[in-house]
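K.L.:
Numbering (mature numbering (1 follows the signal peptide of the UniProt record, and there is no 0)), first residue to last: -20 to -1, 1 to 272. Before we start, here is the structure in question, set down as structure tokens.
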Amino acid sequence: MIGLVLFKVIVFVWASKAKATYVNQYIPGKTLVIEYGQPRTATTLQYTIAKHMALLKNHELGIQTPSFGFKSRIHFTDLKVNNIWKTHRLEFSSLVNQTNISVLLLTTTHLFGAAYIQLMEEVEQDPTSVVDDYAKLFNLSFVQTELTRTYIRFWDLLRLCCGTQQSISHRLYLHGCPPLRPWFSVRSPHCEIYNLTAVEEIAYFAENAFGDRPFVNPFTIEDHRGDERIGSCAKVEKKIIDGIDFNGRRFNNDCPGLVKKWASREYHDYICRYGYEKNTTDCTLSNPNVKN
């Protein structure tokens, strides 16, 4: 959930696995925007787009850079002008009662009246596909929209290929394990073909086209000691090669074990493809983890 600007109206933006999407209005200035989604519906993408658009709009209006970050719990006093927060907990009742704000949307499963519904199936295919919809909501110019599209494109590459929470495919590659999927698989991020330092530089340009704010790589932050600057992807890659895995855990040279933990649905095919499964009869059976 994200609060952009506080005034007298709340507009909801919803992340969903639903089958319908629409944009029925643009969000005016001096509005509290609450973006909400259940887990695994690309709410981090929501937050990232909102943060980036706020940076662009603030420059346009001559306003200082907004404050943003993660809070474990949001109180209504945190929702101030020029603040953007991501949280997993927001008390709607206290927000409405103490600020006398009229809520435009009931928290129903159908979300009647939502300004926009972000579809997970669209985001999975291409995260930049929703940028035009958000541009309508925030009334962005063509240049602002294209800068946002560029930033999200390379932000998604960093999400998949950078930091200790990167994709299991690239972590296996860096550990020297057999690949999770065949090289021609469209599901593979193919991180190894990218110059990630160059990707960081492009993301920096897209985020700072109208200013000179230090680039912060959101996927490699380590205690805010400066490790998150351009070049930090390469630093994390070296750590993974040296034996670090997800969130700093040690890798014990068990490639199948890593796949079983982080890609369990592909574990059966993996151990059969590379000879880890000694019972060849089991490998002639269909993958028991995949429903026909």
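Glycine included, C-beta positions come from ideal geometry on N, C-alpha and C.
By the 10 Å Cβ neighbour count, where 16 or more other Cβ atoms means buried, how is A178 classified, buried or exposed?
P.N.:
By one-based count along the sequence shown, residue 178 stands at place 198. Flag for A178 reads exposed.
K.L.:
What's the call for I29, buried or exposed, on a 16-neighbour Cβ count within 10 Å?
P.N.:
For the purposes of this step, residue 29 is taken as the residue at position 49 of the sequence shown. Looking at its Cβ environment, which holds 16 or more other Cβ atoms inside 10 Å, I29 is buried.
K.L.:
I need the DSSP call for I220, collapsed to helix, strand or coil.
P.N.:
Within the sequence shown, numbered from 1, the residue matching residue 220 stands at position 240. DSSP places I220 in helix when its eight states are reduced to three.
K.L.:
Under three-state DSSP, which class holds S109?
P.N.:
Here residue 109 is taken as the residue at index 129 of the sequence shown, counted from 1. In the three-state reduction of the DSSP assignment, S109 falls in the helix class.
K.L.:
Thinking just about the alpha-carbon of each residue, which of R230, N175, K219 is nearest to the one in I210?
P.N.:
Position 230 of the sequence shown, counting from 1, holds the residue named residue 210. Comparing Cα positions, the closest option is N175.
K.L.:
For the alpha helix (DSSP H) containing N38, name the first residue and the last one.
P.N.:
For the purposes of this step, residue 38 is taken as residue 58 along the sequence shown, with counting starting at 1. N38 -> alpha helix (DSSP H) spans 23 to 41.
K.L.:
Going by other Cβ atoms of all chains shown within 10 Å of its Cβ, with 16 needed for buried, is L41 buried or exposed?
P.N.:
The residue you call residue 41 lines up with position 61 of the sequence shown. Burial call: exposed.
K.L.:
To the nearest angstrom, how far is it from the Cα of H150 to the Cα of A183?
P.N.:
The residue given as residue 150 occupies position 170 in the sequence shown. The residue given as residue 183 occupies position 203 in the sequence shown. Taking the straight line joining both Cα atoms gives about 20 Å.
K.L.:
Can you tell me whether E227 is helix, strand or coil according to DSSP?
P.N.:
For this step, residue 227 is matched to residue 247 along the sequence shown. The residue you asked about is not Glu; residue 227 is Asn in the sequence shown. Note: N227 maps to helix in three-state DSSP.
K.L.:
Between which two residues does the alpha helix (DSSP H) containing D249 stretch?
P.N.:
Position 269 of the sequence shown, counted from the first residue, corresponds to residue 249. Looking at the DSSP string, the run of the alpha helix (DSSP H) that includes D249 is 247 to 253.
K.L.:
Excluding five sequence neighbours on each side, which residues of the same chain lie with their C-beta closer than 6 Å to the C-beta of T130?
P.N.:
Here residue 130 refers to the residue found at position 150 of the sequence shown. These residues qualify, in order along the chain: A186.
K.L.:
May I ask you to verify whether the region 104 to 112 touches the region 131 to 139, counting CB pairs closer than 8 Å and requiring at least 3?
P.N.:
yes
K.L.:
List the residues that DSSP assigns as beta-bridge partners of F48.
P.N.:
Taking the sequence shown and counting its residues from 1, one reaches residue 48 at position 68. Paired residue(s): I64.
K.L.:
To the nearest angstrom, how far is it from the Cα of L117 to the Cα of L140?
P.N.:
Start at 1 with the first residue of the sequence shown, and residue 117 comes out as number 137. Start at 1 with the first residue of the sequence shown, and residue 140 comes out as number 160. If I take the Cα positions, the gap works out to 27 Å.
K.L.:
Take every Cβ of the region 235 to 249, pair it with every Cβ of the region 153 to 168, and state whether three or more of those distances are shorter than 8 Å.
P.N.:
yes
K.L.:
Look at the alpha carbon of I251 and the alpha carbon of P236, and state the distance between them as a whole number of angstroms.
P.N.:
Along the sequence shown, read from residue 1 onward, the residue named residue 251 stands at position 271. Along the sequence shown, read from residue 1 onward, the residue named residue 236 stands at position 256. Going from the Cα of I251 to the Cα of P236 covers about 6 Å.
K.L.:
Excluding the 5 residues preceding and the 5 following D203 in the sequence, name in chain order all residues of the same chain whose CB lies nearer than 7 Å to its CB.
P.N.:
To locate residue 203, count along the sequence shown from 1; it is residue 223. Interpretation of D203 is limited by its pLDDT of 38, a score under 50 that renders its predicted location unreliable; no figure is taken from the coordinates.
K.L.:
Decide if E217 is buried, meaning its Cβ has at least 16 other Cβ atoms within 10 Å, or exposed.
P.N.:
Position 237 of the sequence shown holds residue 217. Buried, since its Cβ has 16 or more Cβ neighbours within 10 Å.
K.L.:
Between which two residues does the alpha helix (DSSP H) harbouring T125 extend?
P.N.:
Along the sequence shown, one-based indexing puts residue 125 at 145. That run of the alpha helix (DSSP H) goes 122 to 141.
K.L.:
With a threshold of 6 Å on Cβ separation, who are the neighbours of Y2 within its own chain once the five nearest residues in sequence on each side are excluded?
P.N.:
By one-based count along the sequence shown, residue 2 stands at place 22. Note that Y2 has pLDDT 46, beneath the 50 cutoff, so the model's placement of it is unreliable and the number below is only indicative. Cβ neighbours of Y2 beyond the five flanking positions: none.
K.L.:
Assuming V103 contacts L25 under a Cβ cut-off of 8 Å, what Cβ separation, rounded to an integer in Å, is found between them?
P.N.:
Position 123 of the sequence shown holds residue 103. Position 45 of the sequence shown holds residue 25. The Cβ separation is near 6 Å, so the contact holds.
K.L.:
Answer yes or no: do Y27 and K66 have a C-beta to C-beta separation smaller than 7 Å?
P.N.:
For the purposes of this step, residue 27 is identified with residue 47 of the sequence shown, where counting begins at 1. For the purposes of this step, residue 66 is identified with residue 86 of the sequence shown, where counting begins at 1. Yes; because the gap between Cβ atoms is below 7 Å, this pair is in contact.
K.L.:
Let me make sure I understand the geometry here. Which of F231, Q146, G156, P169 has the alpha-carbon closest to that of C213?
P.N.:
Counting from 1 along the sequence shown, the entry for residue 213 is found at position 233. Per the C-alpha coordinates, the member of F231, Q146, G156, P169 positioned closest to C213 is Q146.
K.L.:
Have a look at E126 and L154 and give me their C-alpha separation to the nearest angstrom.
P.N.:
Translated into positions along the sequence shown, residue 126 becomes position 146. Translated into positions along the sequence shown, residue 154 becomes position 174. The straight-line gap from Cα to Cα measures roughly 33 Å.
K.L.:
Please classify I64 as buried or exposed, where buried requires at least 16 other C-beta atoms within 10 Å of its C-beta.
P.N.:
By 1-based counting over the sequence shown, the position of residue 64 is 84. It counts as buried.
K.L.:
Would you mind sorting I132 into buried or exposed? The rule is 16 or more other CB atoms within 10 Å of its CB.
P.N.:
As a first step, residue 132 must be located in the sequence shown, where it is residue number 152. Only buried fits I132, as 16 or more other CB atoms lie within 10 angstroms of its CB.
K.L.:
Could you check the C-alpha separation between K241 and K215 for me, to the nearest Å?
P.N.:
In the sequence shown, counting from the first residue as 1, residue 241 sits at position 261. In the sequence shown, counting from the first residue as 1, residue 215 sits at position 235. One C-alpha to the other measures close to 25 Å.
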